[in-house]
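Mapping to this note's numbering: the sequence shown position 150 is 166, numbers consecutive.
Okay, so here's the structure we're looking at.
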Amino acid sequence: MKYSSIVRITLAMIALSGVVFVSSDSSTASSLFEQSDVSVSDRGRIVLERRQAADSIARMDRIIIENGSDTAELFASEGRAIEQVLEEDLDLDGEKELLIQMDLGGSGGFKEFALLHNKGGKYTPIWEETGFCAGNAMIADRDGDGRPNIYIEYANTEVKPTREETAIFTLENGEVKKAE
Ligand SMILES: [Ca+2]
Ligand SMILES: [Ca+2]
């Protein structure tokens, strides 16, 4: 846990200095700029934007929503690389949440996950979870109770030998809870 927050702070600092450098030297154009659709609905187009300056190892990815000429930022990665965005109605209120999987960078292969709760088209970050080595998230209803769950497959490096494990989370009453 501590490791990842240090990485994050370091990345944010690198990102910050990268931006300062770019503004003082226009020749350092961004080396990465990619946009891909997460989804399109009557509320607008949700877009994942991947962005990295040529002189920086930090990613400044973000998720935006575009509606006509309006663009609003839903989430900024703050140095982390967004690997995937899953959209699903996790609490069955008719509005789809956004689950974001991010790579912290560095050699540890640690992944971080964030959940944006959707209420009437307003997205609020309600959960962030870290420390999953080689983590990969999916949403499914494997127990068949009708409510989708978050499954994070990861390598538990705290045991020897390292063991593949799955952490299961449920969103209920605005809170993400881990299944024991
Ligand atoms: Ca929902
Ligand atoms: Ca379920």
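For glycine and all other residues, C-beta sits at the position ideal for the given N, C-alpha and C.
On a predicted model such as this, the values are computed, not experimentally measured, just so you know.
The beta strand (DSSP E) enclosing residue i, as first and last residue numbers
| i | result |
| --- | --- |
| Ile73 | That residue, Ile73, is in no beta strand (DSSP E); it is neither H nor E in DSSP. |
| Leu90 | Asp86 to Ala92 |
| Asp58 | Run containing Asp58: none; DSSP gives neither H nor E here. |
| Ala195 | Neither: Ala195 is in no beta strand (DSSP E) and is coded neither H nor E. |
| Pro141 | Lys138 to Ala156 |
| Glu174 | That residue, Glu174, is in no beta strand (DSSP E); it is neither H nor E in DSSP. |
| Asp119 | Glu113 to Asp119 |
| Leu106 | That residue, Leu106, is in no beta strand (DSSP E); it is neither H nor E in DSSP. |
Heavy atom of ligand 2 within 8 Å of residue i beta-carbon
| i | result |
| --- | --- |
| Gly162 | yes |
| Asn165 | yes |
| Asp159 | yes |
| Thr186 | yes |
Spatial neighbours of residue i in its chain, beta-carbon cut-off 7 Å, leaving aside the 5 residues before and after
| i | result |
| --- | --- |
| Pro177 | none |
| Ile80 | Val63, Glu65, Thr87, Ala88, Glu89 and Leu90 |
| Cys149 | Gly124, Gly125, Phe126, Tyr170, Ala171 and Thr173 |
| Leu48 | Arg66, Arg67 and Gln68 |
| Leu108 | Arg163 |
Beta-carbon proximity list for residue i, same chain, < 6 Å, skipping 5 on both sides
| i | result |
| --- | --- |
| Trp143 | Leu131 and Val192 |
| Ser52 | Leu64 |
| Leu102 | Leu115 and Ile155 |
| Leu106 | Glu113, Pro164 and Leu187 |
| His133 | Glu113, Thr140 and Ile142 |
| Lys194 | Phe185 |
Residues that DSSP places opposite residue i in a beta bridge
| i | result |
| --- | --- |
| Gly95 | Arg75 |
| Leu187 | Val192 |
| Asp53 | Val63 |
Neighbourhood of residue i by C-beta, 8 Å cutoff - its chain only, sequence neighbours within 5 removed
| i | result |
| --- | --- |
| Asn152 | Gln117, Lys127, Ile168, Glu169 and Tyr170 |
| Glu104 | Lys112, Glu113, Leu115, Ile155 and Pro164 |
| Val56 | Ile62 |
Contact test: residue i Cβ vs ligand 1 heavy atom, cutoff 8 Å
| i | result |
| --- | --- |
| Gly136 | no |
| Glu111 | yes |
| Leu132 | no |
| Leu102 | no |
| Leu114 | no |
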